[in-house]
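S.K.: Below you will find the structure I want to go over with you.
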Amino acid sequence: METENSAFEFLTRDAAVKFFAETDFVLKQGRHIQQYGQDAKLFDYVYDNYEDLAKYYEALFAVHLRKENNERDEYFYLDFPEDGHGRFIKDRYKELEPRHVIFGILLLNVYKERSFEKKEMKWEQLEQLFEESESRELWQKLLYGEVKRNYTPNEKDEVKRRAENILNFFDRLGWIEWIDSENFHFEIMPSIDRIAKLYAQEIANVDLIEEYVQEQNL
Amino acid sequence: MKPLCFRTFVWLFTYQKFMKDALLSSVSVHFESLIPQNQESILLLVALYRKIQNNEIDDAFTQKDFEEAVQEVGDALDRGKQIQVENISKKLSQFFYTTIKRGNEYKYQLTVFATDLVRILMQEIQPDFKNIELIHTFKRTLQLLDDDLSSIAKFDYWYINHYLPSKRVILSHTENLQRMVDDRTIALRQLMRFNEENTKDLITNFIRIFEELGRQSEGLTQTLTFKQNITDAIKGAEINFLDKKESWDQYIRIRTEIELFFENVDNRMLSINDRVQLSVSRLKTLYDTLQYKQLYKLKLEKLMLHMLKYTTRDSDGVYRFPTMIKAKHVPYHRSRLPQIPLLDFKNVEPADVPDFTIDEAYLKLKEDQNYRLLARQESISKWIENINSDLLAGKAVDFNDWFKNIYQKEKTLEIPIDVCFGLIQLYSKSSTVEFEIDKNAPYHPQEDLALWKLKIQPSNS
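These protein sequence lines are chains A and B, in that order. Numbered according to the working numbering, the first sequence spans residues 2 to 219. Numbered according to the working numbering, the second sequence spans residues 1146 to 1606.
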């Protein structure tokens, strides 16, 4: 299919000269753009040119520019078609590792729990979840590899370091924003909701999944 | 009726105008004494009224009681300067208290005007019926018995002694109810904005507003029925007033007045009801949203628990999801650009390079070592060649003899051993030569070394 130049007239506008390049870079790097901090200007640009940009990515990269919202906070991101990755081949996409997904769902849960409160978190609060929640043994098994009464400072540091790596990845995606990374203080962003979009089927059918696994284990 | 003459008319008009002006003039003259001009005065009246109501002081209170009340007001206002007792006493003396002599002592007593003023103020600020449904006010104040409608005298009595006082209370109640519903609607609107700091507070407010609005809504419905019953009863009793024209006129006047009043109340109640219904609908939306969110959150938690439970770590420490959960992909590209160090070539400090010196002794040592290695290699090759020529000539080789011979001449075990390895490497895969190893009575060239006897012979010999 031949793409007509006129279809991308929006690229000749002044706003495109100012914001398109940065928007394009960050979207392709997997970032979720929302009305916050430095992304606010990019958000306004995507918001104003959403349809043109969506056509652009559809035609040239075979991916979808999505607009979603968490409560009333909107965010934009690039999404793959169901049957592939469009032009995002080789090292241009990343598989979310289980630890990313589990952490993502944990943070989404915290976000939903704090509907009317601040979404800020510190390491101490995360640690408290791992050590004092009802599912602490499962968390400890996942994070430390074994359940013990106590862990050495080195083991704890290692887990903290791993959590930090995950959050750095989330920061690049725009799912969290570091407030003070030195002190492990961050804010969960509305786009953490993307994890729910990615796993929408699994969330809707969680009871069936659980039943299936239990039948298999019988 | 005799018509008024012009002079009388002018006189009446002037008199009425004069009366009106006199009233305005009088209010104007007394204005500063009639209406308390500052907070202190009003608060003092409220404080005194409340103390009397609470039986903390008598109706006729002393100078000391007055001064203590002034002190309380001063503390409440916290303005940092004392209220002048004498000044405030003077300001209030004309309309708000009277001085009476009890024995040898002069005492104060609040005037009816003062107590009424304070009561109106309190009713406005803290209405008694904030938590009382409108129906309660109607039932208590506007009860109409059959006997009240049996004659015009009794009906008139009911009108003057029950209806008129209750009218004021009912209007006041509807005003307050309207204000309360407005307050609750605003509170609810703020609740819907999701900007509450605390979820617990939200839920508590949510329940309280719902309960209040529910009660008021129910009260309004009952009030409408009660009011309708009164109207019906009055209409149904018209037969009792047909005997005299005066009775009938009086009845119709009262009835019209009541109907107009109820119409006014109807309008107010409908407006209140609309707001209540709007709030109830908003509350329902909020409730549904909360319920849906709760359900969704539960599912999220379940999925997280499922993942936590069934995700495993393999021997390389890599996490693996349970089979039912598939990994998802997101666009991701991180370009890493190596940063070239910034060098200022105009300001380079050359590194201190030491002079190169040749270690002659070390060089000689290495040279000798290499010669020795070469000589040894030559010896090994020579011996292998000799043994090989025997084998090629079809002779069997008793390596035991050769070993002793080589060892004797070379004076080192390394060479015969390396020769042996060389031969094994050369012929191990050859079909033309066979190895025969005799493990009995090994040869001991040195105490810590034992060698089996090895014979190598051509296959066809």
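Glycine included, C-beta positions come from ideal geometry on N, C-alpha and C. Computed from a predicted structure; not experimentally measured.
Quick one: using the 10 Å Cβ neighbour count with 16 as the cut-off for buried, is B/T1456 buried or exposed?
M.R.: With 16 or more Cβ atoms within 10 Å of its Cβ, B/T1456 is classed as buried.
S.K.: DSSP on A/P154, reduced to helix/strand/coil?
M.R.: DSSP places A/P154 in helix when its eight states are reduced to three.
S.K.: Evaluate the contact criterion for the stretch 128-146 of chain A versus the stretch 1511-1529 of chain B: three or more CB pairs, one atom per stretch, below 8 Å.
M.R.: Counting Cβ pairs under 8 Å, fewer than three are found: no touch.
S.K.: Taking B/V1314 as the reference, give the member of B/R1465, B/E1269 and B/Y1572 with the closest Cα.
M.R.: Checking every option, the nearest Cα to that of B/V1314 belongs to B/E1269.
S.K.: I'd like to check one pair, B/V1564 with B/I1601: are the Cβ atoms closer than 9 Å?
M.R.: Not in contact: B/I1601 and B/V1564 (Cβ atoms no closer than 9 Å).
S.K.: Does the Cβ of A/L97 have 16 or more other Cβ atoms within 10 Å, making it buried, or fewer, making it exposed?
M.R.: Answer is buried; the Cβ neighbour count reaches 16.
S.K.: How many whole angstroms separate the CB atoms of A/V102 and A/I196, which I take to be in contact at a CB cut-off of 8 Å?
M.R.: With 8 Å as the limit, A/V102 and A/I196 qualify as a contact, their Cβ atoms being about 7 Å apart.
S.K.: I believe B/L1646 touches B/A1378 by the beta-carbon criterion, under 8 Å. Please report the beta-carbon distance rounded to the nearest angstrom.
M.R.: The displayed coordinates of chain B run from 1146 to 1606. Any statement about residue 1646 of chain B would go beyond what the structure contains.
S.K.: Between which two residues does the beta strand (DSSP E) containing A/Y58 stretch?
M.R.: Premise fails: A/Y58 lies in the alpha helix (DSSP H), Y51 to F62, not in any beta strand (DSSP E).
S.K.: Can you list the residues of chain A that B/L1453 reaches, using a CB-CB cut of under 7 Å?
M.R.: Within 7 Å Cβ-Cβ: I103, S136, L139, W140 and L143.
S.K.: Quick one: Cα of B/D1489 to Cα of A/V27, how far?
M.R.: Distance between the alpha carbons of B/D1489 and A/V27: 34 Å.
S.K.: So, under 8 Å CB-CB, B/T1368 and B/M1414 are touching, yes? Tell me the CB distance rounded to an integer number of Å.
M.R.: Contact flag correct, Cβ pair sits at about 7 Å.
S.K.: Nearest to B/L1423 by alpha carbon, out of B/A1506, B/P1467 and B/I1331?
M.R.: The candidate whose alpha carbon is nearest that of B/L1423 is B/I1331.
S.K.: Taking B/R1329 as the reference, give the member of B/Y1304, B/I1417, B/K1246 and B/T1468 with the closest Cα.
M.R.: Answer by Cα proximity: B/I1417.
S.K.: Between B/A1541, B/E1185 and B/W1303, which has its C-alpha nearest B/K1226's C-alpha?
M.R.: Of the listed residues, the one whose Cα sits closest to B/K1226 is B/E1185.
S.K.: Could you tell me the alpha carbon to alpha carbon distance between A/F171 and B/Q1323, rounded to whole angstroms?
M.R.: Between A/F171 and B/Q1323, the C-alpha separation is close to 51 Å.
S.K.: Below 7 Å between beta carbons is the criterion; list the residues of the stretch 1435-1454 of chain B that meet it against any residue of chain A, in chain order.
M.R.: The stretch 1435-1454 of chain B vs chain A, Cβ under 7 Å: K1438, K1442, K1444, L1445, E1446, K1447, L1448, M1449, L1450, H1451, M1452, L1453 and K1454.
S.K.: Is the shortest distance between the beta-carbon of B/T1368 and the beta-carbons of chain A less than 9 Å?
M.R.: B/T1368 does not count as touching chain A.
S.K.: Report the neighbours of A/H65 on chain E: residues whose CB is nearer than 9 Å to its CB, in chain order.
M.R.: This model lacks chain E altogether, as its protein chains are A and B.
S.K.: Rounded to whole angstroms, what's the CA-CA distance from B/E1213 to B/I1187? Just pull it up for me.
M.R.: Rounded to the nearest angstrom, the two C-alpha atoms are 15 Å apart.
S.K.: Rounded to whole angstroms, what is the Cα-Cα separation between A/Y37 and A/I180?
M.R.: Going from the Cα of A/Y37 to the Cα of A/I180 covers about 13 Å.
S.K.: Is the CB-CB distance between A/P99 and B/F1466 below 9 Å?
M.R.: Yes, these two residues count as a Cβ contact at 9 Å.
S.K.: Quick one: does the C-beta of A/N218 sit closer than 8 Å to a heavy atom of the ligand NAD?
M.R.: Summarising the ligand content, the structure contains no ligands, and the ligand NAD is consequently not present.
S.K.: Where do the ends of the alpha helix (DSSP H) carrying B/K1600 lie?
M.R.: Looking at the DSSP string, B/K1600 is not in any alpha helix (DSSP H); the run it does join, the beta strand (DSSP E), is L1594 to P1603.
S.K.: Leaving out five residues before and five after A/Q141 in sequence, what residues of the same chain have Cβ atoms less than 6 Å from its Cβ?
M.R.: Closer than 6 Å at Cβ, skipping near neighbours: V148.
S.K.: Between A/N169 and A/R163, what straight-line distance do the alpha-carbon atoms span, to the nearest angstrom?
M.R.: Between A/N169 and A/R163, the C-alpha separation is close to 10 Å.
S.K.: Per the DSSP calculation, B/E1579 is bridged to which residue(s)?
M.R.: Paired residues: B/Q1602.
S.K.: Between the stretch 1459-1477 of chain B and chain A, which residues of the former have CB atoms less than 9 Å from a CB of the latter, in chain order?
M.R.: Answer in chain order: G1462, V1463, Y1464, R1465, F1466, P1467, T1468, M1469, I1470, K1471, A1472, K1473, H1474, V1475, P1476 and Y1477.
S.K.: Restricting to Cα atoms, I'd like to know which of B/V1463, B/Q1208 and B/L1222 is closest to B/S1238.
M.R.: Cα-wise, what sits closest to B/S1238 is B/Q1208.
S.K.: Can you tell me whether B/A1192 is buried or exposed, with buried defined as 16 or more other CB within 10 angstroms of its CB?
M.R.: That one is buried.
S.K.: Return the first residue and the last residue of the beta strand (DSSP E) that B/T1243 is part of.
M.R.: Residues Y1242 to R1247.
S.K.: According to the Cβ coordinates, are B/Y1121 and A/R93 closer than 9 Å?
M.R.: No information on residue 1121 of chain B is available, as it lies outside the stretch 1146 to 1606 that chain B covers here.
S.K.: Please return the same chain residues whose Cβ sits closer than 6 Å to the Cβ of A/E72, not counting the five positions on each side in sequence.
M.R.: Answer for A/E72: no residue qualifies.
S.K.: Quick test of your reading: B/N1550 and B/Y1588, contact by CB under 8 Å. State the CB separation rounded to the nearest angstrom.
M.R.: Between B/Y1588 and B/N1550 the Cβ distance is about 12 Å, and since that is not below 8 Å, they are no contact.
S.K.: Can you check which of these residues, A/E83, A/I210, A/N151 and A/E178, is closest to A/L199 by C-alpha distance?
M.R.: Ranking A/E83, A/I210, A/N151 and A/E178 by Cα distance to A/L199 puts A/E83 first.
S.K.: For B/R1413 and chain A, any beta-carbon pair shorter than 9 Å?
M.R.: Not one chain A Cβ lies under 9 Å of B/R1413.
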